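Chemist: Mind having a look at this structure? Questions to follow.
2 protein chains.
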Amino acid sequence: MASVTDDSNNNKIMKNILFDFISKYVSLTDDEKNAIVSLDIFRSFKKGTALLKEGQNSKDGYFVLKGCIRTYYVIDGDEKTTAFYTEMEGLTPHCVINKAPSEYFISCVEDTILTVANPDMEVEIFSKFPKFETLCRILSEELLAKQQIDFDEFKTSSPEQRYLNLLQIRPDLVQRVPQHQLASYLGIKPQSLSRLRARIFEKSKSKVSFLNLSERD
Amino acid sequence: MASVTDDSNNNKIMKNILFDFISKYVSLTDDEKNAIVSLDIFRSFKKGTALLKEGQNSKDGYFVLKGCIRTYYVIDGDEKTTAFYTEMEGLTPHCVINKAPSEYFISCVEDTILTVANPDMEVEIFSKFPKFETLCRILSEELLAKQQIDFDEFKTSSPEQRYLNLLQIRPDLVQRVPQHQLASYLGIKPQSLSRLRARIFEKSKSKVSFLNLSERD
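Chains as they are written, first to last, in this note's numbering: chain P, 1 to 217; chain A, 218 to 434.
Written out as structure tokens, the structure reads:
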């Protein structure tokens, strides 16, 4: 079990990670940093924890400081993973914006540390520190543009291209998450992902053999 | 050709459409309304106009007051339509956020009236009227959550389900845009969309016959 000292050390590290991230967008005064700390938004969750279930109402938005969470649907008894969020990625679930029961589940793929905040907190802190509203606007605009490109990429590429693209832009994810979740995230069946991986491995092996032969020549 | 009176009438109508839309989120004073008008952001475009080309840099974000625009990629010589934006929908292209050449094209599917604004205008108007920053934050958060659900829906459904869903949530779109653009937007081949439409039409016909028979019984 973690000791009090461990917890307070962890909290300090997490605060610094968050402040470092924010400083890329806006500079914070000590007053503004203290206002964030006073919100008491740091939360630790064990791997497998359900943060939100289909049909639940929630006001909580998440920002990942450490670990990985995923969103998934249960369709005809099967889980369909639609997104993963890792370090420095945030998610405000649709049900928070829509004020309606959630369409999907959110759970922790790993032991995870998050900031958990709700719109009531935002209203309060935005009125005191308008800079935080600027920060949230910029982050939302960035996320929106990035998600749009991800969506376009998904629509315009084959499963193999999607997987190769993922290997290039989020290589850590391929290692961190279970293969059946990754397959459904890529919109393919687990056995198709296995075949895809085998084919790519074979290709890379023959490339290496070719390079070795060329070097020998 | 439109006369000056027509233009000024049109401008008045467009302003009111925009103010009505904004009033759902924040209430505007006359000063704030005048500030928007003074930005001179209303623009009319003919059907087919290219607003942005792949490889171009741009600072322009769009909000559709009337008409329809689409984003598309050209891949191996083929156009792949990824999104349509109609009345009261906005788009800040990735290249504006990313400050890099655009990955895609934007063009007008119909004669279209847009607001065209750039980040420099935003900085100026946000400093004078912080309410506009609140508006942009709320809109971005809403769009982000909506786009996330659209992406999830695309990943978790079959082409037939996607088409049926589109018929339900955006029936106007199915009538307004060319079928080959609609097919690529749904991630299917034009001939598959034709077959799909025929199948759905047959199903609905047999449902009607069945209902007629039942009524006769």
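For every residue, glycine included, the Cβ atom is placed at its ideal position computed from N, Cα and C. Treat the numbers as computed from the prediction; the structure is a model and nothing was measured.
Could you spell out the range, first to last residue, of the alpha helix (DSSP H) harbouring A/Glu-341?
Modeler: Along the second sequence, one-based indexing puts residue 341 of chain A at 124. That run of the alpha helix (DSSP H) goes 336–345.
Chemist: Which residues mark the beginning and the end of the alpha helix (DSSP H) in which P/Ala-183 is found?
Modeler: As a first step, residue 183 of chain P must be located in the first sequence, where it is residue number 183. Start and end: 179–185.
Chemist: Where does A/Lys-241 land, buried or exposed, given buried means 16+ other C-beta within 10 angstroms?
Modeler: In the second sequence, counting from the first residue as 1, residue 241 of chain A sits at position 24. So A/Lys-241 counts as exposed.
Chemist: Excluding the 5 residues flanking P/Phe-42 on each side, which residues of the same chain have their C-beta closer than 7 angstroms to its C-beta?
Modeler: Along the first sequence, one-based indexing puts residue 42 of chain P at 42. Excluding sequence neighbours, P/Phe-42 sits near Asn-11, Met-14, Ile-113, Thr-115.
Chemist: Jot down the residue ranges of each uninterrupted beta strand (DSSP E) in the segment 271–346 of chain A, minimum 3 residues, whole runs only, in chain order.
Modeler: Within the segment 271–346 of chain A, the complete beta strand (DSSP E) runs of at least 3 residues are 278–283, 286–292, 295–302, 322–325, 329–334.
Chemist: Run the CB neighbour count on A/Leu-403, radius 10 Å, all protein chains shown included, and call it buried at 16 or more, exposed below.
Modeler: Residue mapping note: residue 403 of chain A aligns to position 186 of the second sequence, counting from 1. Burial call: buried.
Chemist: Please list, in chain order, all residues of the same chain as A/Glu-350 whose beta carbon is under 6 angstroms from its beta carbon, the five residues on each side excluded.
Modeler: Translated into positions along the second sequence, residue 350 of chain A becomes position 133. Answer for A/Glu-350: Phe-343, listed in chain order.
Chemist: Could you check if P/Glu-32 is buried or exposed, using at least 16 other CB atoms within 10 Å of its CB as the buried criterion?
Modeler: Along the first sequence, read from residue 1 onward, the residue named residue 32 of chain P stands at position 32. The residue in question, P/Glu-32, is buried, as its Cβ has 16 or more Cβ neighbours within 10 Å.
Chemist: For A/Phe-262, collect the residues of the same chain with a Cβ closer than 6 angstroms to its Cβ; drop the 5 residues on either side in sequence, then sort them by chain order.
Modeler: Along the second sequence, read from residue 1 onward, the residue named residue 262 of chain A stands at position 45. Contacts found: Cys-325, Thr-329.
Chemist: Can you tell me where the alpha helix (DSSP H) with A/Ser-255 in it begins and where it stops?
Modeler: Position 38 of the second sequence holds residue 255 of chain A. Segment 247–255, the alpha helix (DSSP H) holding A/Ser-255.
Chemist: For A/Lys-420, count neighbouring Cβ atoms within 10 angstroms of its own Cβ and tell me buried if that reaches 16, exposed if not.
Modeler: Counting from one through the second sequence, the residue named residue 420 of chain A turns up at place 203. Exposed.
Chemist: To the nearest angstrom, how far is it from the Cα of P/Arg-195 to the Cα of A/Thr-303?
Modeler: Reading the first sequence from its first residue, position 195 is the one you call residue 195 of chain P. Reading the second sequence from its first residue, position 86 is the one you call residue 303 of chain A. Going by the C-alpha atoms only, they are around 41 angstroms apart.
Chemist: Starting from A/Arg-260, trace the beta strand (DSSP E) in both directions and tell me its first and last residue.
Modeler: For this step, residue 260 of chain A is matched to residue 43 along the second sequence. A/Arg-260 -> beta strand (DSSP E) spans 259–262.
Chemist: Tell me which residues of the segment 149–181 of chain P have at least one Cβ-Cβ distance to chain A shorter than 8 angstroms, keeping chain order.
Modeler: Hits within the stretch, in order: Ile-149, Asp-150, Phe-151, Asp-152, Phe-154, Lys-155, Thr-156.
Chemist: Between which two residues does the alpha helix (DSSP H) holding P/Ile-169 run?
Modeler: The residue you call residue 169 of chain P lines up with position 169 of the first sequence. Note, P/Ile-169: alpha helix (DSSP H), 159–169.
Chemist: With 8 angstroms as the C-beta to C-beta threshold (strictly closer), list the residues of the segment 30–62 of chain P near chain A in chain order.
Modeler: Cβ contacts with chain A come from no residue of the segment 30–62 of chain P.
Chemist: Could you list which residues in chain A have their beta carbon closer than 9 angstroms to that of P/Ser-102, in chain order?
Modeler: Counted from its first residue, the first sequence places residue 102 of chain P at position 102. Going along chain A, no residue has its Cβ under 9 angstroms from P/Ser-102, so there is no contact; the nearest lies around 11 angstroms.
Chemist: With a threshold of 9 angstroms between beta-carbons, can A/Ser-409 be considered close to chain P, or not?
Modeler: Start at 1 with the first residue of the second sequence, and residue 409 of chain A comes out as number 192. Not closer than 9 angstroms to any Cβ of chain P, the Cβ of A/Ser-409 fails to qualify, so no.
Chemist: Check the Cβ of P/Glu-89 against every Cβ in chain A and list those closer than 9 angstroms, keeping chain order.
Modeler: For this step, residue 89 of chain P is matched to residue 89 along the first sequence. Chain A residues near P/Glu-89: none, gap ~12 angstroms exceeds 9 angstroms.
Chemist: Tell me the rounded alpha-carbon separation between P/Asn-165 and A/Gly-294.
Modeler: Here residue 165 of chain P corresponds to residue number 165 of the first sequence, with the count starting at 1. Here residue 294 of chain A corresponds to residue number 77 of the second sequence, with the count starting at 1. Whole-angstrom Cα-Cα distance: 21 angstroms.
Chemist: What are the residues of the segment 118–140 of chain P that lie near chain A, defined by any Cβ-Cβ distance shorter than 7 angstroms?
Modeler: The residues in question are Pro-130, Glu-133, Thr-134, Cys-136, Arg-137, Ser-140.
Chemist: Rounded to a whole number of angstroms, what is the C-alpha to C-alpha distance between P/Lys-80 and P/Cys-95?
Modeler: Residue mapping note: residue 80 of chain P aligns to position 80 of the first sequence, counting from 1. Residue mapping note: residue 95 of chain P aligns to position 95 of the first sequence, counting from 1. So the two alpha carbons sit approximately 18 angstroms from each other.
Chemist: Answer yes or no: do P/Ile-106 and P/Arg-70 have a C-beta to C-beta separation smaller than 9 angstroms?
Modeler: The residue labelled residue 106 of chain P in the question sits at position 106 within the first sequence. The residue labelled residue 70 of chain P in the question sits at position 70 within the first sequence. For P/Ile-106 and P/Arg-70, yes; Cβs fall inside 9 angstroms.
Chemist: Classify A/Asp-337: buried if its beta carbon has 16 or more other beta carbons within 10 angstroms, exposed otherwise.
Modeler: Reading the second sequence from its first residue, position 120 is the one you call residue 337 of chain A. Result: exposed.
Chemist: Using only CA atoms, which one of A/Ile-314, A/Ser-275, A/Cys-285 lies nearest to A/Ala-300?
Modeler: Position 83 of the second sequence, counted from the first residue, corresponds to residue 300 of chain A. Checked all of A/Ile-314, A/Ser-275, A/Cys-285; the closest Cα to A/Ala-300 is A/Cys-285.
Chemist: Would P/Arg-176 and P/Glu-110 be called neighbours here (beta carbons separated by less than 9 angstroms)?
Modeler: Taking the first residue of the first sequence as position 1, residue 176 of chain P is located at position 176. Taking the first residue of the first sequence as position 1, residue 110 of chain P is located at position 110. Cβ atoms of P/Arg-176 and P/Glu-110: closer than 9 angstroms.
Chemist: Taking a contact to mean a Cβ-Cβ separation below 9 angstroms, would you say P/Arg-162 touches P/Phe-154 in this structure?
Modeler: Here residue 162 of chain P is taken as the residue at index 162 of the first sequence, counted from 1. Here residue 154 of chain P is taken as the residue at index 154 of the first sequence, counted from 1. Taking 9 angstroms as the Cβ cut-off, P/Arg-162 and P/Phe-154 qualify as a contacting pair.
Chemist: Alpha carbon to alpha carbon, what distance is there between A/Leu-256 and P/Glu-122?
Modeler: Against the first sequence, residue 122 of chain P aligns to sequence position 122. Against the second sequence, residue 256 of chain A aligns to sequence position 39. Roughly 29 angstroms separates the two Cα atoms.
Chemist: A/Glu-419 touches chain P at which residues, Cβ-Cβ below 9 angstroms?
Modeler: Position 202 of the second sequence, counting from 1, holds the residue named residue 419 of chain A. Result: empty, since nearest Cβ-Cβ is about 25 angstroms, beyond 9 angstroms.
Chemist: Can the beta-carbon of A/Leu-352 be found less than 9 angstroms from the beta-carbon of A/Val-281?
Modeler: As a position in the second sequence, residue 352 of chain A is number 135, starting the count at 1. As a position in the second sequence, residue 281 of chain A is number 64, starting the count at 1. Cβ distance not < 9 angstroms, so A/Leu-352 and A/Val-281 don't count as in contact.
Chemist: Hey, is A/Asp-434's beta-carbon within less than 9 angstroms of any beta-carbon in chain P?
Modeler: Against the second sequence, residue 434 of chain A aligns to sequence position 217. Summary for A/Asp-434: the model assigns pLDDT 46, below 50, so the residue's position carries little reliability, and this model does not support an answer.
Chemist: Mind pulling the chain A residues with CB within less than 9 angstroms of P/Glu-110?
Modeler: The count along the first sequence starts at 1 and reaches residue 110 of chain P at position 110. Those within 9 angstroms of P/Glu-110 in chain A number zero; the least Cβ separation is about 21 angstroms.
Chemist: Give a yes or no on whether the minimum CB-CB distance between P/Tyr-73 and chain A is below 9 angstroms.
Modeler: Looking up residue 73 of chain P in the first sequence gives position 73. Chain A, which has a Cβ nearer than 9 angstroms to the Cβ of P/Tyr-73, makes this yes.
Chemist: Within 10 Å of its beta-carbon, does P/Pro-93 have 16 or more other beta-carbons around it, so buried, or fewer, so exposed?
Modeler: The sequence position of residue 93 of chain P within the first sequence is 93, counting from 1. By the 10 Å Cβ count, P/Pro-93 comes out buried.
Chemist: Taking just the CA atoms, how far does A/Phe-418 sit from A/Gln-385?
Modeler: Within the second sequence, residue 385 of chain A is the residue found at index 168, counting from 1. Within the second sequence, residue 418 of chain A is the residue found at index 201, counting from 1. Answer to the nearest angstrom: the Cα atoms are 15 angstroms apart.
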